[in-house]
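Per this note's numbering, the very first residue in the sequence shown carries number 352; after that it's consecutive.
The beta-carbon is built from N, C-alpha and C at its ideal position, and this holds for glycine as well.
Values in this document were obtained by computation on a predicted structure and should not be read as measured data.
Contents: one structure, followed by commentary.
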Amino acid sequence: MCGIIGYLGSKEVVPILLDGLRRLEYRGYDSAGVAVVRNGQIERRRSAGKLVNLEQAIDSQPLDGLYGVGHTRWATHGRPTEENAHPHQDCTGKIVVVHNGIIENYLDLKHELQKIGHTFVTETDSEVIAHLIEQEMNAVSHLTLEDAARQALLHMRGLFAFVAISSDDPEKIIAVRNGPPIVVGLGDNEFFVASDTPAILSHTRDVVFLGDEEMAVVTRRGVEFTNFAGTPVSKATQRVLWDPVMAEKSGYRHFMLKEIFEQPRAAEETLLGRVSLDTGKVFLEEIAISEADLRNVNKVALVACGTSWHAALVGKFLIERFAGLPVEVDYGSEYRYRDFIVDRNTLVVIITQSGETADTLAALREARKKGARSLAICNVVGSMATRESEGTIYTHAGPEIGVASTKAFTSQLVALNLLALFLGQMKGSLREADARSHLTALMQLPKQMEHALKSSGTVEEIAGRFFNRTDFLFLGRGINYPIALEGALKLKEISYIHAEGYPAGEMKHGPIALIDSNMPVVSIAPNDHVFEKMLGNIQEVKARGGSVIAITTEGHDTLKSILDPAQDAMIALPRVPAMLSPIAMVLPLQLLAYYVAVRRGCDVDQPRNLAKSVTVE
Numbered sequence: 352m353c354g355i356i357g358y359l360g361s362k363e364v365v366p367i368l369l370d371g372l373r374r375l376e377y378r379g380y381d382s383a384g385v386a387v388v389r390n391g392q393i394e395r396r397r398s399a400g401k402l403v404n405l406e407q408a409i410d411s412q413p414l415d416g417l418y419g420v421g422h423t424r425w426a427t428h429g430r431p432t433e434e435n436a437h438p439h440q441d442c443t444g445k446i447v448v449v450h451n452g453i454i455e456n457y458l459d460l461k462h463e464l465q466k467i468g469h470t471f472v473t474e475t476d477s478e479v480i481a482h483l484i485e486q487e488m489n490a491v492s493h494l495t496l497e498d499a500a501r502q503a504l505l506h507m508r509g510l511f512a513f514v515a516i517s518s519d520d521p522e523k524i525i526a527v528r529n530g531p532p533i534v535v536g537l538g539d540n541e542f543f544v545a546s547d548t549p550a551i552l553s554h555t556r557d558v559v560f561l562g563d564e565e566m567a568v569v570t571r572r573g574v575e576f577t578n579f580a581g582t583p584v585s586k587a588t589q590r591v592l593w594d595p596v597m598a599e600k601s602g603y604r605h606f607m608l609k610e611i612f613e614q615p616r617a618a619e620e621t622l623l624g625r626v627s628l629d630t631g632k633v634f635l636e637e638i639a640i641s642e643a644d645l646r647n648v649n650k651v652a653l654v655a656c657g658t659s660w661h662a663a664l665v666g667k668f669l670i671e672r673f674a675g676l677p678v679e680v681d682y683g684s685e686y687r688y689r690d691f692i693v694d695r696n697t698l699v700v701i702i703t704q705s706g707e708t709a710d711t712l713a714a715l716r717e718a719r720k721k722g723a724r725s726l727a728i729c730n731v732v733g734s735m736a737t738r739e740s741e742g743t744i745y746t747h748a749g750p751e752i753g754v755a756s757t758k759a760f761t762s763q764l765v766a767l768n769l770l771a772l773f774l775g776q777m778k779g780s781l782r783e784a785d786a787r788s789h790l791t792a793l794m795q796l797p798k799q800m801e802h803a804l805k806s807s808g809t810v811e812e813i814a815g816r817f818f819n820r821t822d823f824l825f826l827g828r829g830i831n832y833p834i835a836l837e838g839a840l841k842l843k844e845i846s847y848i849h850a851e852g853y854p855a856g857e858m859k860h861g862p863i864a865l866i867d868s869n870m871p872v873v874s875i876a877p878n879d880h881v882f883e884k885m886l887g888n889i890q891e892v893k894a895r896g897g898s899v900i901a902i903t904t905e906g907h908d909t910l911k912s913i914l915d916p917a918q919d920a921m922i923a924l925p926r927v928p929a930m931l932s933p934i935a936m937v938l939p940l941q942l943l944a945y946y947v948a949v950r951r952g953c954d955v956d957q958p959r960n961l962a963k964s965v966t967v968e
């Protein structure tokens, strides 16, 4: 989850490292640091807190060098202090390491190294790596940095990635992957390593993604790729199509707000080239599973974490409706710890924005061991999820920088619509007329989303009325119950208000006891087959003095008539088919969370204790 950047080239290294860290700060912002090599010496600058603190430290104590590494941290071991900030060094100060992930056996390693004279100065697991490499280089004269790292890797357990430099083996950067992502950027006589592509897109779009148990050795002559045993591996260079400008704020106050308003375009991009309205067909060419095998699928398992898990819950309704297949939905963090039952006729679909979520990848691997077929719904080309699955449905949302996911979520919902229709097509369970009707509505959805986003001013006014409350309840039914969960998650992620999502029919089985005049109840009530049921739930809230924020579709005077303008609020959106309503309904909930957080003075793009890509278990 931490941000890693390294550079070897002819340009000034410190500005490149700081720029890369700025673009990676969404991955961690507890502390930051850089290390550069000049005149055979390594010099560091580190600081606790956000990147601006490091920039100020460098302003007061400038440094430059020929090459170097940088890091922005999301703490796992040790407090977010300057002492615990990366890069970490060995006893001699000749080796520095930046690290992402967890060294599970670091305490045992630390104690062994201390017994033979190593001195540790931090509370982190990361420092162990530098000392292990030091020990190996001391044991054998003239050992290269990469060979010392390979020997050190034999002692380390866990999922981790690290980048290291040594003044005793100059003009070289090594990068190691064993779980969390590492990407190598290939420029014009310059080379980059990073934990994510936004860090280097302003310099190069030609990248190579390391696989698990692989190492890159970067020198001025080029890059060599090997496995942990030192055997060369062949790697393909990929060209990233994201425009670097897409990762800038483009005049918006926050990345999150920009990304909320990018959702119509992201939905359109995810649909592009994949549907035929003439035939009612869906084309998913990235699915490398034969039609015969897809026809034999008799069960689908959707596995994800966080916001992606909410997308999976919506996907269950879609696949059961259009493909007639039973669907299980599991958290990635829980799936492999139960005795799940799959076989060759089970399709396991993992959903992950980054393609690097550790729990989801672990679930995928366990399912494949048991013989299941596999697909990934993912936003990042070349990520681990896309390489380990048999096929991929890419969501073309573009880079998502805000930690709280918005456009990645709605793009996942669009992709799940396509998958549901595609499976129905393969299974022969979906009539052509029904497919054409749904696809027509799906193609019109981006315009409906644009219209829904025009509610922004109304939502901002509502946020101004309710931002000082301490608790919220979100209610939904059917396919919009997951949207109640997502609305609650967004609010608590970025505003730090306690919020709970619940199926509306279950309100009277517990949460109704919490309702009073201080607790707003956000009710998702589109005009669908359970609308009258939702009206009943709203009446129950009103009868107990609760305030209602109703998200509904246009033309419902009945709902409006039971709300009190002084106490309640209503947002009316364009009508969309019931199976597409989650995509429209979630938009004002995202805006509500955003405007509440802004009114409360919260850091919207970088909420406390959270990171964008959760690459540790």
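Residues that residue 853 bridges to, as DSSP identifies them = For the purposes of this step, residue 853 is identified with residue 502 of the sequence shown, where counting begins at 1. Beta-bridge pairing links residue 853 to 826.
task = Confirm, please, whether the CB-CB distance from residue 792 to residue 925 is below 8 Å.
result = Translated into positions along the sequence shown, residue 925 becomes position 574. Translated into positions along the sequence shown, residue 792 becomes position 441. For residue 925 and residue 792, no; Cβs fall outside 8 Å.
message = On the DSSP letters alone, give me the boundaries of the alpha helix (DSSP H) that residue 816 sits inside.
response = Within the sequence shown, numbered from 1, the residue matching residue 816 stands at position 465. Boundaries of the alpha helix (DSSP H) around residue 816: 807 to 817.
key: residue 554 (DSSP reduced to helix, strand or coil)   = Residue mapping note: residue 554 aligns to position 203 of the sequence shown, counting from 1. Annotated three-state conformation of residue 554 is coil, per DSSP.
request  = Please classify residue 440: does DSSP put it in a helix, a strand, or coil?
outcome  = Reading the sequence shown from its first residue, position 89 is the one you call residue 440. DSSP places residue 440 in the strand class (E or B) of the three-state scheme.
request  = Out of 627, 629, 721, 707, point me to the one whose CA is closest to residue 737's CA.
outcome  = As a working note, residue 737 is residue 386 in the sequence shown. Checked all of 627, 629, 721, 707; the closest Cα to residue 737 is 707.
query = Is there contact between the segment 766 to 780 and the segment 889 to 901, where contact requires at least three CB pairs shorter than 8 Å?
reply = Segment contact: the segment 766 to 780 against the segment 889 to 901, fewer than three CB-CB distances shorter than 8 Å; contact not assigned.
ask   = Taking residue 487 as the reference, which of 519, 476, 509 has the closest Cα?
value = Here residue 487 refers to the residue found at position 136 when the sequence shown is read from its first residue. Cα-wise, what sits closest to residue 487 is 519.
query = Mapping DSSP to helix, strand and coil, what is residue 966?
reply = Numbered from its first residue, the sequence shown carries residue 966 at position 615. In this prediction, residue 966 has a pLDDT of 47, which is less than 50 and means its spatial position is unreliable; what the coordinates show is noted afterwards. Per DSSP, reduced to three states, the secondary structure at residue 966 is coil, with no helix or strand assignment.
message = Per the DSSP calculation, residue 451 is bridged to which residue(s)?
response = On the sequence shown, position 100 is the one that residue 451 refers to. 512.
task = State yes or no: is the beta carbon of residue 457 nearer than 8 Å to at least one beta carbon in chain D?
result = The structure shown contains no chain D; it is built from a single protein chain.
ask   = In angstroms, rounded to a whole number, what distance separates the CA positions of residue 363 and residue 389?
value = On the sequence shown, position 12 is the one that residue 363 refers to. On the sequence shown, position 38 is the one that residue 389 refers to. The straight-line gap separating the alpha-carbon atoms of residue 363 and residue 389 is approximately 12 Å.
task = For the alpha helix (DSSP H) containing residue 482, list its first residue and its last residue.
result = If you number the sequence shown from 1, residue 482 lands on position 131. Start and end: 478 to 490.
query = Using the C-alpha atoms, what's the distance from residue 604 back to residue 361?
reply = As a working note, residue 361 is residue 10 in the sequence shown. As a working note, residue 604 is residue 253 in the sequence shown. For residue 361 and residue 604, the distance between alpha carbons rounds to 35 Å.
query = Hey, how far is the Cα of residue 373 from the Cα of residue 642?
reply = On the sequence shown, residue 373 is found 22 positions in, with the first residue counted as 1. On the sequence shown, residue 642 is found 291 positions in, with the first residue counted as 1. If you take the alpha carbons of residue 373 and residue 642, they lie about 45 Å apart.
query = For residue 370, which residues does DSSP report across the bridge?
reply = Position 19 of the sequence shown, counted from the first residue, corresponds to residue 370. In DSSP, residue 370 forms no bridge with anything.
ask   = How would you write the range of the beta strand (DSSP E) that residue 765 sits in, first residue to last?
value = As a first step, residue 765 must be located in the sequence shown, where it is residue number 414. Residue 765 -> not in any beta strand (DSSP E); alpha helix (DSSP H) instead, spanning 758 to 778.
request  = Measuring alpha carbon to alpha carbon, tell me which of 807, 870, 502, 733 ends up nearest residue 609.
outcome  = Taking the first residue of the sequence shown as 1, we reach residue 609 at position 258. Comparing alpha-carbon positions, the option among 807, 870, 502, 733 lying closest to residue 609 turns out to be 807.
message = Let me confirm a value: residue 933 is counted as buried when at least 16 other C-beta atoms fall within 10 Å, else exposed. Which label applies?
response = Residue numbering aside, residue 933 sits at position 582 when the sequence shown is read from its first letter. By the neighbour-count rule (16 or more Cβ atoms within 10 Å), residue 933 is buried.
8 Å Cβ cutoff met for residue 748 and residue 545 = Within the sequence shown, the letter at position 397 stands for residue 748. Within the sequence shown, the letter at position 194 stands for residue 545. No, these two residues do not count as a Cβ contact at 8 Å.
ask   = Can you tell me the Cα-Cα spacing of residue 956 and residue 435, whole angstroms?
value = The residue given as residue 956 occupies position 605 in the sequence shown. The residue given as residue 435 occupies position 84 in the sequence shown. Annotation: residue 956 to residue 435 spans about 24 Å, alpha carbon to alpha carbon.
inquiry  = So the candidates are 481, 526, 876; which of them puts its Cα closest to the Cα of residue 576?
reply    = To locate residue 576, count along the sequence shown from 1; it is residue 225. When each option's Cα is compared against that of residue 576, the closest is 526.
query = Using the C-alpha atoms, what's the distance from residue 639 back to residue 919?
reply = Residue 919 sits at position 568 when you count from the first residue of the sequence shown. Residue 639 sits at position 288 when you count from the first residue of the sequence shown. Rounded to whole angstroms, residue 919 to residue 639 spans 51 Å at the Cα level.
query = Would residue 536 be called buried (16 or more neighbouring beta carbons within 10 Å of its own) or exposed?
reply = Looking up residue 536 in the sequence shown gives position 185. A residue is called buried when at least 16 other Cβ atoms come within 10 angstroms of its Cβ; residue 536 meets this threshold and is buried.
ask   = Taking all protein chains shown into account, do 16 or more other C-beta atoms lie within 10 angstroms of the C-beta of residue 888, making it buried, or fewer, making it exposed?
value = Against the sequence shown, residue 888 aligns to sequence position 537. The residue is buried, with at least 16 neighbouring Cβ atoms inside 10 Å.
task = Taking all protein chains shown into account, decide if residue 413 is buried (16 or more other Cβ within 10 angstroms of its Cβ) or exposed.
result = Walking along the sequence shown from the start, residue 413 turns up at place 62. So residue 413 ends up on the exposed side.
query = Going by the beta-carbon positions, is the gap between residue 827 and residue 900 smaller than 8 Å?
reply = As a first step, residue 827 must be located in the sequence shown, where it is residue number 476. As a first step, residue 900 must be located in the sequence shown, where it is residue number 549. No, Cβ-Cβ distance for residue 827 and residue 900 is not below 8 Å.
query = Can the beta-carbon of residue 722 be found less than 8 Å from the beta-carbon of residue 695?
reply = As a working note, residue 722 is residue 371 in the sequence shown. As a working note, residue 695 is residue 344 in the sequence shown. For residue 722 and residue 695, yes; Cβs fall inside 8 Å.
query = DSSP puts residue 397 in a beta bridge; with which residues?
reply = By one-based count along the sequence shown, residue 397 stands at place 46. Answer is 384.
key: Which of helix, strand or coil DSSP assigns to residue 575   = For this step, residue 575 is matched to residue 224 along the sequence shown. Note: residue 575 maps to strand in three-state DSSP.
request  = Put residue 674 into one of helix, strand or coil per three-state DSSP.
outcome  = Within the sequence shown, numbered from 1, the residue matching residue 674 stands at position 323. Three-state result, residue 674: helix.
Nearest neighbour of residue 844, chosen from 483, 741, 945, 646 [CA to CA] = In the sequence shown, counting from the first residue as 1, residue 844 sits at position 493. Nearest C-alpha to residue 844: 945.
request  = Quick one: give me the first and last residue of the beta strand (DSSP E) that residue 409 is part of.
outcome  = In the sequence shown, counting from the first residue as 1, residue 409 sits at position 58. Following the DSSP letters along the chain, one finds residue 409 in no beta strand (DSSP E) but inside the alpha helix (DSSP H) bounded by residues 402 to 411.
message = So, with DSSP's three-state summary, where would you put residue 876?
response = To locate residue 876, count along the sequence shown from 1; it is residue 525. It is a strand residue.
query = Of all the options 757, 840, 409, 766, which has the alpha carbon lying nearest to the alpha carbon of residue 611?
reply = Looking up residue 611 in the sequence shown gives position 260. Closest in C-alpha terms to residue 611, from the list 757, 840, 409, 766, comes 757.
message = Considering only DSSP beta bridges, list what residue 931 is partnered with.
response = If you number the sequence shown from 1, residue 931 lands on position 580. In DSSP, residue 931 forms no bridge with anything.
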